[in-house]
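J.: Have a look at this one before I ask anything.
Numbering (our numbering), first residue to last: 112 to 250.
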């Protein structure tokens, strides 16, 4: 449902569709130039696609709506997947070794051991004078 909500919130105004058409035209034209430089025969297809996106992006941007929805759907889906992949890698490459090293050296980051001799775990603090100005801008 997270992806679906994000897809529904994508801005598909005429201005956004124009920007999408021009951006796609520029990127496809650059790819076509690179292919032409490398003597590839498929550069014409990329030039044709660049012309299509450029022409419709400037003249009739609403015709690019299905392409925009498809492209943004792909982007949101890839973003959803890659976020989880990157966070998983971060967890297993950073936090797991850090936890193993801490256990090997006997370090505990949380004070969670029960001490039977303690009556209470409450931490008393010293009383300070109440100043109303201290509560006005807390953050």
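C-beta: ideal position from N, C-alpha, C; glycine also.
Whose C-alpha, out of 211, 190, 149, 221, is nearest the C-alpha of residue 115?
T.: 190
J.: When DSSP labels each residue in this structure, what does residue 220 get in the three-state scheme?
T.: coil
J.: Where does residue 233 fall in DSSP's three states?
T.: coil
J.: Could you check whether residue 165 and residue 132 sit closer than 8 Å to each other, using their CB atoms as the reference points?
T.: yes
J.: Which of the three DSSP states, helix, strand or coil, is assigned to residue 127?
T.: helix
J.: Please list the terminal residues of the continuous alpha helix (DSSP H) segment that includes residue 158.
T.: 154-169
J.: Compute the beta-carbon to beta-carbon distance between residue 161 and residue 186, rounded to the nearest angstrom, for a pair I have assumed lies under 8 Å.
T.: Going by Cβ atoms, the distance from residue 161 to residue 186 rounds to 19 Å, so no, they are not a contact pair.
J.: Taking its Cβ as the centre, do 16 or more other Cβ atoms sit within 10 Å of residue 168, making it buried, or is it exposed?
T.: buried
J.: Would you mind stating whether residue 176 and residue 123 have Cβ atoms separated by less than 8 Å?
T.: In contact: residue 176 and residue 123 (Cβ atoms closer than 8 Å).
J.: By Cβ distance, which residues of its chain are closer than 6 Å to residue 205, with the 5 residues on each side in sequence left out?
T.: Sequence-distant partners of residue 205 (beyond 5 residues in either direction) whose C-beta falls short of 6 Å from its own C-beta are missing from its chain.
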